[in-house]
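Enquirer: Residue numbers (my numbering), protein chains in the order written: chain A, 21 to 312; chain B, 130 to 413; chain C, 119 to 458; chain D, 13 to 185.
Ideal Cβ placement from N, Cα and C applies to all residues, glycine included.
Before we start, here is the structure in question, set down as C-alpha cells.
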C-alpha cells in the first residue's frame, strides 16, 4: 500500500471573537508529576471543556496577577483540557501554587496540530524528553484512542533523572498495556537509590539503540519529536542517520510567545509564525527555513 | 584636522597590519556628507574609511566592550572617549592592556542640524585625552565652561514647576533605551529594566514608567558619570537628560567633594562606593 | 477641486467641530499627529513627523482586558470599545503605505484584531502628496510614490499654493461632499519632484534568503546600539508585547510596542534566548523588513520614509544596507567562486 | 484603590518604612512592648541593614501606590555590619536630593537613624511622618498644577495633548 505523504496543515487559524481575551476557567484537578512538574486540568465555570482542540495545539494560560504562558495542550477529556507545567520561571512558579478550585484565565486554542490524518496506517515513533512530553502525549493519546488507524507505536522518552520523568503512570502502567505499544524510557543520570534500573543514556544514542534492538524500520514510519534545544538537535540528526526521510519527521517548536495569533512578531522563524502556522512542522519544512 | 585624520588612518593601518590590534574604532562617513557613524575597522585596507573632523558627534567608546574579546582593540579617543576608557577599567570591564588608545585632542564638534557647537562639547571639561598610548596632534586649551546653567535654572523653579519640567521630559520619552546603550557607565550584564521576573520596569509607555526608568538609570550612573553627554545626544526625542546627571555631580562635589566627575582616573572608589566616618550628617 | 492652503484652517475647524481631527504639528520639541484644537498650528510643510501616525490605530499602550481577583474567583472583562469616527489630515504617502501594511498584519491571516479594526474603520485618511521629497526619502523606489496614495480616502495633491482634492473612496467622497463650502472649482498642476535617494529593491528579498550568514550583519551590529529608536519611529514596525499593571487584587493586561532590538524580546522562561546576539537581532530586523514580510504579505515592510536614518543615534542607514544587499553576490555564486 | 477611611472619610496614607533589623526594627519592637501608640499608616519592612535599601526600592514604592517612604537604620558608627549605614547615608543623601530636584515633596521620602533603645524616637518619627504625609495628601497631589505646566512648557502643541500629559501626571503616581 503506498503511504500517504505526511501533510502538516499550516493554515488552520480561526477567528474566535476576541483573540486576546481569555475565558475564566477553574482548576479541577492537579497532579504532582515530579518535584518541579505538575499537571492541571481546567474546566469552564459551567463545567464544560474550555475548547475543542487538536493534538499539538497551544493554549495561553494566565494567572492574574502573574503572567501569561503558552503551553501545548497535553490532553483533552470530555469536560476538561489538561496542561503539564514545569516550574522554570516567574509565572510557572506561581502556577505551581494553584490549588483545586482556583480560577485562572485560558485562551486558545492556537497554532496547528499534528498530522494525525495523513499519518494513518503508519508505524508511529514518538520521541520526547523532559518537559517535551505534553504535545507528544496529546498525539500519542489520540493514536491510542484510534488504535486501529495506526501501526506499531513506539515511544522513546528520557529525562535527566528518574525523578524527572513526567507522567510515570502513563509511561509504566497505562501505555505499555495498550496493544502493540512499546514504551522505552531512559534517564541521563542514574542516582543511587532512586529505584531506576533501566537504561541510562542521552536520548539520541538511546533512540539509535532502541531502533536497532527492536528492529524498527523507517519504512512506512512517522517520527514525532519534541524536546529542549540540544535534544532537538541531536535527535534530528539521529533520525536522519537512521534513514528517516525529512518529510516523515514531525516536530514541534517552542518560542517566546505573547499574542498567539501571529501578530506580535516575536515567534517568527523567517516569514513563518510558530504560534499561527506552527508549532508543528516536518523536518523537511524546517530545513527550508532560516536557522533563526 | 585633515592631517590628524591622515595620521589616524596611517596609524590604524600600521596597528592592524602589524597585528598589534584586532580592530580600530573610529568614525566613518554615512550617505550624506554631514553624517558620521561609529566605524569598527578590522582590516588594514579599510583604514582609509576612517575619518576625523568636526562632524564626529558620537562618543564611540561603548563599542570597545564588544570587541575586546578578539584581542587588543585600538580606540580613537578624544577627551570623552578617554574618560570612558578609564571608566571601563575602574568598573572592571576592561584592563588597560586590552585597549590601545590613539589620543586626539578635540576642538569640539558641530551639530549638523544647527551648525552650532554640539551641546555636549559646549559643556565639555576635558578636551584632551586623559589617557593615551600615543597622541595625534597638539593638546588644545581647555576652557572649562560652566556646565550647570540648566541645573541652576531648574533648581530656581518651584517644586511644582520642577515636577512639571520632569513630567514634560519623561512624558516625551519613548523608552528606546538609546541613552543606556550609549552610556559608558551602563555596563551591567543584565539591566534592571530587563529583569522581567522581578518586574522593576513596567512595559507600558507612560510618564510614570519613563520617570522610573530615567531616574533609576540616572542614579545608577550618577556617581560614575563621565559627563560625556552622549545619552543626551543619542536621545532621539531630544530630552535634556544631562540636567539630572550634572545635578548629581554637583551635589556629590558639594557634599563629599572635591569631585569633578567620573573617569578622570582609572581607579575607584567612586564617591558613592566609599564613605568617611566624618561625612556630613543630615538625618539625625 | 482645489483647497487653498491659506484657507485650510477654516476647513480644519469645520471638520474638528464634527469629529476628532489629527494633524501633523510640533509637540514640545518633537512632532507627531496631534488632536487639532485651539493653539494647534498644523505643520503641513513638515515632510515627516518625528513620530509616525501608527499610534492612532495601534496605540503605544492599549488595554486588552481588566481582571479582578477575589480569593480563588477571577473575573475578566474585555476592554474592547467601539471608536468614534476621526479624520487624519495631511499624512504623507509613505505613512499611508504604512497603514496598508498594518492592515495586512492586523486584519488578515486568520485572525482579525478587533482593537485595531475598530480604529481602522473609524478613520478617514486624508493624504497630502510631497511636492519635494526630503533627502532621506526613498519611498518611490521601495513602496509608494510621493505623489499618490491609492488607499487614502482623500488625496490632496500639492500644487504649491493649493491642493488638488480627489476623493478616492466612498468614505472620502462623502467627506469631500461636506467640505464643499471650503473648496473651489478649478484645476492646478501638482508639483511632482522625484526622490533624490533611490534604492534598488528588485533582487533584495530573494538575495536576502541566502544571506543568513553574511558578514553584513556583524558589520551592522558593530555600528548599531540596539536601542529601540528605529522601531519606535518606524511607521510600520508593529511588534508588540503583552504585559500587565497590577494594583492589589485587580489589574489590566495591555499590549504595548516592543522592539526586536531588545534582548528580552525573545528571551524565554528558563533563560534560553534564540536571539541573544546583537548581530542576530539586527539580522531579524532587516530580514523581517525586506524579505520575511514580503513572503507573507507580498510587500516590503519598509516604506522609505527615512525616519530611522534620521533619528538613529549611530546613523545606521537602511538605504545603504539595501544598497549593500543589492550589490552582494548571491550565496550560490559565492560558494561556486570559493570552490573554483 | 479606596484609601479614605470608610467611617471618617479621612485620607489614610500608605507609608512604607524600611527598618534595619538590628536597630530600628528592635526599636519598633520595643515601642510595641511598651504599648506606645502610633498611627497604623506605616507598614514596616524589615531589612538586614539600611545599606541593603536600594534607592530603586524607594522610587518603586512611591510609584506603586505608597504616599511616603521612610528609611531607618542604626546611628552612624553603630552598624551591625560596621559600615553599611555609612554607605547608605551617602547614597540616600544624593538620591533624596535627586528626587527632590525632580519635583518630589521632600516629606515623602525621609531617612532617620533610630537605635534599638529609641522606642520613643521611633514612635515620634512615625507620628511626625504620618502627619506630614496626611497634610500633603495622596501622591497624586504631587502632580503639577496647570500653571506650573504652562510655566515650563516648551512648544505647546495642543490643549488636548497637554491635557493628556496633565492627566497622565495625575494618574501616574
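Cβ of residue 7/D less than 8 Å from any chain B Cβ?
Expert: Absent from the model: residue 7/D. The displayed extent of chain D is 13 to 185, so no value can be given.
Enquirer: If we cut at 8 Å on Cβ distances, does residue 299/A have a partner in chain C?
Expert: no
Enquirer: May I ask you to report which of helix, strand or coil DSSP gives residue 322/C?
Expert: helix
Enquirer: Nearest-angstrom Cα distance between residue 241/B and residue 180/B?
Expert: 16 Å
Enquirer: Nearest to residue 227/B by CA position, among 196/B, 252/B and 251/B, is which residue?
Expert: 196/B
Enquirer: Note down, in chain order, every chain B residue with its Cβ under 8 Å from the Cβ of residue 110/D.
Expert: 344, 347, 348, 351, 373, 376, 377 and 380
Enquirer: Give me whichever residues DSSP pairs with residue 51/A in a beta bridge.
Expert: 59/A
Enquirer: Where are the beta strand (DSSP E) runs, 3 residues long or more, that stay fully inside the stretch 195–233 of chain C, in chain order?
Expert: Runs of the beta strand (DSSP E) inside the stretch 195–233 of chain C: 204–209.
Enquirer: State whether the stretch 288–296 of chain C contacts the stretch 396–406 of chain C, with contact taken as three or more CB pairs (one from each stretch) at a distance under 8 Å.
Expert: no
Enquirer: Under 8 Å, Cβ to Cβ, is there at least one residue of chain B near residue 40/A?
Expert: no
Enquirer: Ignore the nearest five residues each way along the sequence and tell me which others in residue 150/A's own chain have a CB closer than 6 Å to its CB.
Expert: Cβ neighbours of residue 150/A within its own chain (closer than 6 Å, five residues either side excluded): 179.
Enquirer: Rounded to whole angstroms, how far is the Cβ of residue 255/A from the Cβ of residue 224/A, which I believe are closer than 8 Å?
Expert: 5 Å
Enquirer: Taking residue 252/A as the reference, give the member of 303/A, 221/A, 234/A and 69/A with the closest Cα.
Expert: 303/A
Enquirer: Counting contacts by CB-CB distance shorter than 8 Å, is residue 359/C in contact with chain A?
Expert: yes
Enquirer: Run through the stretch 265–328 of chain C for me and flag every whole alpha helix (DSSP H) of 4 or more residues, listed as ranges in chain order.
Expert: 288–297 and 322–327
Enquirer: Sort out for me which residues DSSP pairs residue 180/C with in a bridge.
Expert: Note: residue 180/C sits in a beta bridge opposite 373/C.
Enquirer: Excluding the 5 residues flanking residue 282/A on each side, which residues of the same chain have their C-beta closer than 8 Å to its C-beta?
Expert: If we look at residue 282/A and ignore the five residues flanking it on each side, its Cβ neighbours are 33, 293, 295, 296 and 297.
Enquirer: In three-state DSSP terms, what is residue 26/D?
Expert: Residue 26/D falls in the coil class under three-state DSSP.
Enquirer: So what does DSSP say about residue 43/A, is it helix, strand or coil?
Expert: strand
Enquirer: Of the residues that make up the stretch 315–333 of chain B, which ones have a beta carbon closer than 8 Å to any beta carbon in chain C?
Expert: Taking 8 Å as the upper bound on Cβ-Cβ separation, chain C lies near residues 323, 325, 331, 332 and 333 of the stretch 315–333 of chain B.
Enquirer: Taking only beta carbons into account, state which residues of the stretch 365–376 of chain C come closer than 8 Å to chain B, listed in chain order.
Expert: 372, 374, 375 and 376
Enquirer: Hey, is residue 288/A's beta-carbon within less than 8 Å of any beta-carbon in chain C?
Expert: yes
Enquirer: Our contact map puts residue 164/A next to residue 117/A with C-beta atoms below 8 Å; I'd like the distance itself, whole angstroms only.
Expert: Wrong, their Cβ atoms sit about 32 Å apart, outside the cutoff.
Enquirer: Exposed or buried, residue 146/B, counting other C-beta atoms within 10 Å across all chains shown (16 or more means buried)?
Expert: With fewer than 16 other CB atoms across the displayed protein chains lying within 10 angstroms of its CB, residue 146/B is exposed.
Enquirer: Tell me whether the beta-carbon of residue 174/A lies closer than 8 Å to the beta-carbon of residue 209/A.
Expert: no
Enquirer: Does the Cβ of residue 317/B have 16 or more other Cβ atoms within 10 Å, making it buried, or fewer, making it exposed?
Expert: Residue environment for residue 317/B: exposed (fewer than 16 other C-beta atoms within 10 angstroms of its C-beta).
Enquirer: Figure out for me which residue from 340/C, 411/C and 347/C has the closest Cα to the Cα of residue 216/C.
Expert: 411/C
Enquirer: What's the gap between the Cα of residue 148/A and the Cα of residue 322/C?
Expert: The straight-line gap from Cα to Cα measures roughly 40 Å.
Enquirer: Rounded to a whole number of angstroms, what is the C-alpha to C-alpha distance between residue 290/A and residue 309/A?
Expert: 6 Å
Enquirer: Which value, in whole angstroms, describes the spacing of the CA atoms of residue 52/D and residue 78/D?
Expert: A direct Cα-Cα distance of roughly 14 Å separates residue 52/D from residue 78/D.
Enquirer: Taking contact to mean at least 3 C-beta pairs separated by less than 8 Å, is the stretch 357–365 of chain B in contact with the stretch 173–188 of chain B?
Expert: yes
Enquirer: Determine the contact status of residue 428/C and residue 254/C, defining contact as a CB-CB distance below 8 Å.
Expert: yes
Enquirer: In the structure shown, what three-state DSSP assignment does residue 240/C receive?
Expert: helix
Enquirer: Name the chain B residues that come within less than 9 Å of residue 280/A, Cβ to Cβ?
Expert: Ordered by position in chain B, no residue passes the 9 Å Cβ test against residue 280/A, which lies about 18 Å from the chain.
Enquirer: Output yes if chain A places a C-beta closer than 8 Å to the C-beta of residue 338/B; else output no.
Expert: no
Enquirer: Are residue 221/A and residue 206/A closer than 8 Å when you measure CB to CB?
Expert: Yes, the pair counts as a contact, with Cβ atoms nearer than the cut-off.
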